[in-house]
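Residue numbers (this note's numbering): 14 to 80.
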């Protein structure tokens with residue numbers, strides 16, 4: 014389980030997509046419980062998704078990012 018606050022630029026995150034980890038490219042907060050995540054998948058494709066607190070239990074930070 015990872016808290017949304019742990020998702021920093023450069024972090025490697027498991028269980029965001031079903032088949033492979035993603036790398037956080039950017040994160041933008043919308044209030045205190047919603048984060049807009051821009052990520053890159055293992056094939057180098059960029060994606061963007063809104064994350065809500067209810068997704069925290071399904072995420073795993075493999076390597077931390079930087080501020």
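Quick reminder that beta carbons are idealized off the backbone N, C-alpha and C, glycines included. None of the values given here were measured: they were computed from a predicted structure.
Under DSSP, residue 50 shares a beta bridge with 40 and 62.
Ranking 18, 77, 31 and 78 by CA distance to the CA of residue 43 puts 18 first. When rounded, the separation of the alpha-carbon atoms in residue 26 and residue 76 is 7 Å. Relative to the Cα of residue 62, the nearest Cα in the group 15, 35 and 55 belongs to 35.
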